[in-house]
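In the numbering used here, the protein residues as written are 5 to 167.
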């Protein structure tokens with residue numbers, strides 16, 4: 005079945021949004037001397053630290069970041085050299101390494117989140133509070149649908165996706 009004009013417009017709009025957010029992340033990452041993938045990894049680790057005590061494995065990080073485990077290994081190597089993350093053997097399976105933020109990484113992740121929030125707020129300054137709320141709900145719904153293949157009702161109480 006051929007996509008409708010509305011479907012093509014949605015795909016184009018989401019694609020344009022993705023490009024602009026990616027550019028914004030690139031600017032912020034460079035400010036911190038990191039890559040966009042590295043700031044995503046740090047923010048994922050920061051999220052996990054607040055959600056539960058179990059540090060993710062390289063495979064779990066690859067799934068969260070949508071990349072191959074070998075990419076995560078390189079990112080973790082570089083972040084570890086900078087003192088931002090630590091790898092530790094899994095106590096239940098020593099073949100598995102788990103990754104956590106170091107003290108320096110735990111201090112940096114909130115700074116990255118703040119920089120992202122400020123840049124998005126500045127960029128979306130013309131939207132009123134109601135439009136921002138609707139956009140937040142729609143973005144969460146779209147992210148969930150794209151991740152799972154199933155839409156879910158948007159609610160402002162839903163957890164925010166990682167920055």
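Note that the Cβ used here is the ideal one computed from N, Cα and C, for glycine as well.
Check: Cα-Cα separation, residue 132 to residue 144; Outcome: 18 Å
Check: Completely contained beta strand (DSSP E) runs for the region 36-103, where each covers 3 or more residues; Outcome: 89-93
Check: Residues near residue 29 in its chain [Cβ-Cβ closer than 6 Å; skip 5 each side]; Outcome: 40
Check: Close beta carbons around residue 154, own chain, < 8 Å, minus the five adjacent residues each side; Outcome: 148
Check: Delimiting residues of the alpha helix (DSSP H) encompassing residue 6; Outcome: Taken as a continuous stretch (DSSP letters only), residue 6 belongs to no alpha helix (DSSP H), as it is neither H nor E.
Check: Residue range of the unbroken alpha helix (DSSP H) whose run includes residue 112; Outcome: 107-127
Check: Rounded separation between residue 77 and residue 13 - CA only; Outcome: 37 Å
Check: For residue 138 and residue 42, the rounded distance between their alpha carbons; Outcome: 29 Å
Check: For residue 36 and residue 110, the rounded distance between their alpha carbons; Outcome: 14 Å
Check: Validate contact between the region 87-107 and the region 20-34 using beta carbons, cut 8 Å, 3 pairs; Outcome: no
Check: Identity of the residue in 15, 52 and 7 nearest residue 150 by Cα; Outcome: 15
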